[in-house]
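There are 2 protein chains.
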Amino acid sequence: MPSATVENYLKCILMLSMDCDQSEVPMGLIANSLGVTPGTATTMMKNLQREKWLTYKSRKGVTLTSKGRRLGMKMIRRHRLLETFLVDTLGLDWSEIHDEAEELEHAISEKVLERLDVFLGNPQYDPHGHPIPTKGGVIRKLPQKNLLNLAMGKKVKIESILDQGSDFLKFAQKKGLMPGKLVEVIQRDEMADSVELQLEKKSKFSLGFKSAEKILVSG
Amino acid sequence: MPSATVENYLKCILMLSMDCDQSEVPMGLIANSLGVTPGTATTMMKNLQREKWLTYKSRKGVTLTSKGRRLGMKMIRRHRLLETFLVDTLGLDWSEIHDEAEELEHAISEKVLERLDVFLGNPQYDPHGHPIPTKGGVIRKLPQKNLLNLAMGKKVKIESILDQGSDFLKFAQKKGLMPGKLVEVIQRDEMADSVELQLEKKSKFSLGFKSAEKILVSG
DNA sequence: GTTTTTAGTTTGATTAATCAAAGTGCCGTA
DNA sequence: TACGGCACTTTGATTAATCAAACTAAAAAC
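Those protein sequences? They're chains A and B, same order as listed. So the number in this note's numbering is just where the residue sits in the first sequence, counting from 1, plus 2. So the number in this note's numbering is just where the residue sits in the second sequence, counting from 1, plus 2.
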């Protein structure tokens with residue numbers, strides 16, 4: 003059985019390889035997103051390679067093996083199903099569930115997870131709009147469009163929020179930036195580095211480029 | 003934050019002190035019930051003493067401090083609420099939930115636990131009939147009567163099963179020995195070391211003394 | 001094409017939890 | 001009161017995960 007630490011490394015590497023969209027993930031990103039020193043990451047990569055979770059090329063980065071990808075995907079599935087449970091069943095706020103799921107995902111067994119999946123009605127997306135991988139490890143793609151790269155003056159539907167931080171999520175909720183809501187970009191100011199938004203039945207407000215990029219939309 | 007290991011030691015010591023009904027718990031019992039060597043237990047006790055979870059007297063045993071008792075009780079509460087959830091909500095078999103809860107109890111936060119408690123309707127007993135401590139750490143006493151020390155020829159209600167082993171629980175379920183069921187001891191054979199039982203709408207069967215002692219009853 | 005910077009690697013040490021095996025204190029029996 | 005045996009303690013070693021800090025390779029800047 004892989005330790006919780008191993009599970010975390012593999013989930014992290016899989017997620018990084020999914021957004022960078024290239025299989026070789028550099029040390030720096032890994033160390034940074036797990037909050038460990040670069041030396042720790044290097045040492046760990048060698049151990050993970052020894053156990054065939056990934057292949058490691060010195061000063062290049064790592065690539066998951068299929069065994070590694072499978073475990074990483076399993077962890078994402080666990081995490082997102084747990085988040086869904088915490089919000090839908092227990093009624094927790096979507097800004098406070100990430101850390102809870104982060105712990106529980108290492109403790110829940112396959113059997114309990116599959117029961118939970120049935121209990122929740124086989125949800126496709128978690129409360130933040132992130133796709134939940136199937137048991138077999140298949141995951142839907144996220145939309146490419148966001149509030150920054152989008153054509154102005156068109157009403158679109160919010161699909162997903164790419165930030166797990168409690169502060170950002172609290173803010174997003176207050177403003178109504180949640181999956182399913184309709185929104186229109188009514189202005190874009192390159193100098194001010196911000197876009198102006200209009201949500202249905204809400205007053206206008208603006209969002210910096212960096213934040214706007216985190217809101218994925220469709221339609 | 004105490005580690006999962008510390009949580010396990012304290013829960014174990016509290017449970018031992020509750021059934022031996024004397025505060026000083028000897029090393030041997032602890033090492034044995036946690037499956038570690040005596041040396042490991044001794045070393046650990048010194049560390050736990052350093053952090054004020056208990057007091058340790060060399061070659062005598064340990065006594066929990068109130069801080070230690072509080073944590074131990076919290077773990078029992080978590081364990082039993084989780085078992086209740088696994089059976090009542092997810093529909094797992096009562097023989098397979100102990101080990102699942104054993105893992106989850108270290109990962110669930112206070113906040114999630116209290117939500118779960120509300121969701122389950124503040125249950126008083128877990129699926130095996132064990133009392134669930136309150137949030138404040140108060141726990142009901144188990145009945146003293148069991149199928150061995152009981153007067154014969156009297157119909158009594160099963161309250162609790164004192165064995166977490168999957169095999170025994172599967173057997174008990176098959177025979178109908180579950181909390182709430184009515185049972186009568188119709189014979190007792192000292193030589194054969196067994197009692198003969200009659201459950202409502204079931205055929206007679208017999209149980210060894212050791213097993214009969216594990217079935218607590220009332221009435 | 002050097003030099004500087006940045007990213008990554010190595011090394012030596014630490015902490016928590018464990019074991020095996022050698023050592024010790026105590027209790028009961030003779 | 002001396003002896004044996006059992007319960008407990010000590011010691012030395014191991015494993016996983018981590019860090020700080022010294023080191024090195026490769027990429028960027030000049």
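Virtual Cβ for every residue (Gly too), placed ideally from N, Cα, C. These numbers were taken from a predicted model, which means no experiment stands behind them.
**Report entry** Per DSSP, cross-strand counterpart(s) of P133/B
**Finding:** In DSSP, P133/B forms a bridge with Y127/B.
Query raised in the report: Span of the alpha helix (DSSP H) holding E202/B?
Result: Run containing E202/B: none; DSSP gives neither H nor E here.
Query raised in the report: Nearest-angstrom Cα distance between L106/A and L73/A?
Result: Their Cα atoms are separated by approximately 16 Å.
Requested in this report: Tell whether a beta-carbon distance below 7 Å holds between L184/A and K206/A.
Outcome: It is not a contact, given that the beta carbons lie outside the stated cut-off.
Requested in this report: Please look up how many angstroms separate the CB atoms of P40/A and M29/A, rounded, as I've assumed it's under 8 Å.
Outcome: For P40/A against M29/A, the beta-carbon gap comes to about 6 Å, under 8 Å, which counts as contact.
Report task. Tell me, please, which residues DSSP counts as bridged to D90/A. Result -> DSSP, once it has assigned bridges, lists no residue as partnering D90/A.
Query - Neighbour list for H130/A in chain B, Cβ cutoff strictly below 9 Å - result: Here the premise fails: no neighbours, minimum Cβ distance about 18 Å.
Requested in this report: Could you please tell me which residues of the segment 59-81 of chain B, in chain order, have their CB closer than 8 Å to any CB of chain A?
Outcome: So nothing in the stretch comes that close.
Query - Assigned exposure category for M75/A - 16 Cβ within 10 Å defines buried - result: With a threshold of 16 other beta carbon atoms within 10 Å, M75/A meets it and is buried.
Query raised in the report: When DSSP labels each residue in this structure, what does K61/A get in the three-state scheme?
Result: In the sequence as presented, Lys is not what sits at residue 61/A; that position holds Arg. In the structure shown, R61/A falls within a coil segment according to DSSP collapsed to helix, strand and coil.
Requested in this report: Evaluate M77/A with the Cβ neighbour count: other Cβ atoms within 10 Å of its Cβ, from every protein chain shown; 16 or more gives buried, anything less gives exposed.
Outcome: Under this definition M77/A is a buried residue.
Query raised in the report: Relative to the C-alpha of V140/B, which residue among R71/B, L66/B, C22/B is closest?
Result: Nearest C-alpha to V140/B: R71/B.
**Report entry** Interface flag, E102/B vs chain A, CB-CB below 7 Å
**Finding:** E102/B counts as touching chain A.
Requested in this report: For S60/B, count neighbouring C-beta atoms within 10 Å of its own C-beta (all shown protein chains included) and say buried if the count is 16 or more, exposed if not.
Outcome: Under a 10 Å Cβ-count criterion, S60/B is classified as exposed, with fewer than 16 other Cβ atoms of the shown protein chains found around its own Cβ.
Requested in this report: Note down, in chain order, all residues in the segment 103-126 of chain A with a beta-carbon under 7 Å from any beta-carbon belonging to chain B.
Outcome: Residues E105, L106, H108, A109, I110, S111, V114, R117, L118, F121.
Query raised in the report: What residues in its chain sit with their C-beta under 6 Å from that of P145/A, if we drop five residues either side in the sequence?
Result: Once the five neighbours on either side are set aside, the close Cβ partners of P145/A are E161, L218, S220.
Query raised in the report: Under 8 Å Cβ-Cβ, which residues of chain A neighbour L92/B?
Result: Within 8 Å Cβ-Cβ: V114, R117, L118, F121.
Query - Distance, H130/A Cα to T91/B Cα - result: Linking T91/B to H130/A through their CA atoms gives a straight-line distance of about 24 Å.
Query raised in the report: Using the beta-carbon of each residue, which ones in chain B are nearer than 8 Å to L18/A?
Result: Chain B residues near L18/A: none, gap ~24 Å exceeds 8 Å.
Report task. Go through the segment 98-185 of chain A residue by residue and report every complete run of the beta strand (DSSP E) that reaches 3 residues or more, in order. Result -> The segment 98-185 of chain A contains these whole beta strand (DSSP E) runs: 157-163.
Query raised in the report: Whose C-alpha, out of E186/B, P135/B, G138/B, K143/B, is nearest the C-alpha of A153/B?
Result: Among E186/B, P135/B, G138/B, K143/B, the Cα nearest to that of A153/B belongs to E186/B.
Query raised in the report: So the beta strand (DSSP E) V219/B belongs to, where does it begin and stop?
Result: Per DSSP, the continuous beta strand (DSSP E) segment holding V219/B begins and ends at 217-220.
Report task. Show which residues of chain B have a CB atom less than 9 Å away from the CB atom of L88/A. Result -> Within chain B, the residues near L88/A are V114, R117.
Query raised in the report: Mapping DSSP to helix, strand and coil, what is S35/B?
Result: Of the three classes helix, strand and coil, the one that applies to S35/B here is helix, per DSSP.
**Report entry** The alpha helix (DSSP H) enclosing Q51/B, as first and last residue numbers
**Finding:** Per DSSP, Q51/B belongs to the alpha helix (DSSP H) from 40-52.
Report task. Can you have a look at D128/B and say buried or exposed, based on whether 16 or more other CB atoms are within 10 angstroms of its CB? Result -> It is buried - the Cβ of D128/B has at least 16 other Cβ atoms within 10 Å.
Report task. May I ask which residues mark the beginning and end of the alpha helix (DSSP H) holding V8/B? Result -> V8/B -> alpha helix (DSSP H) spans 6-22.
**Report entry** I163/A to S25/A span [Cα, whole Å]
**Finding:** The straight-line gap from Cα to Cα measures roughly 24 Å.
Requested in this report: Enumerate in chain order the residues of its own chain whose CB-to-CB distance from I15/A is below 8 Å, with the five nearest sequence positions on each side excluded.
Outcome: Excluding residues within five positions, the ones whose Cβ falls inside 8 Å are V27, I32, L56, V64, L66, G70, G74.
Query raised in the report: Since A214/A is in the alpha helix (DSSP H), which residue starts that stretch and which ends it?
Result: Counted as a single uninterrupted DSSP element, the alpha helix (DSSP H) harbouring A214/A occupies residues 211-214.
Query raised in the report: Do you know offhand how far N10/B's Cα is from N34/B's?
Result: Straight-line measurement puts the Cα of N34/B at about 13 Å from the Cα of N10/B.
Query raised in the report: Of all the options L201/A, P4/A, G37/A, which has the alpha carbon lying nearest to the alpha carbon of E53/A?
Result: Per the Cα distances, P4/A.
Query raised in the report: How close, in whole Å, do the beta carbons of P135/A and Q126/A come, if the pair is a contact with beta carbons under 8 Å?
Result: Between P135/A and Q126/A, the beta carbon gap of about 10 Å keeps them out of contact (Cβ cut-off 8 Å).
Report task. Flag this pair as touching only if the segment 167-183 of chain B and the segment 91-103 of chain B have three or more C-beta atom pairs under 8 Å; answer yes or no. Result -> The answer is yes - the segment 91-103 of chain B touches the segment 167-183 of chain B, with three or more Cβ pairs under 8 Å.
**Report entry** S196/B in three-state terms, based on DSSP
**Finding:** When secondary structure is reduced to three states using DSSP, S196/B falls in the strand class.
Query - Between the CA atoms of E198/A and L84/B - distance to the nearest angstrom - result: The straight-line gap separating the alpha-carbon atoms of L84/B and E198/A is approximately 47 Å.
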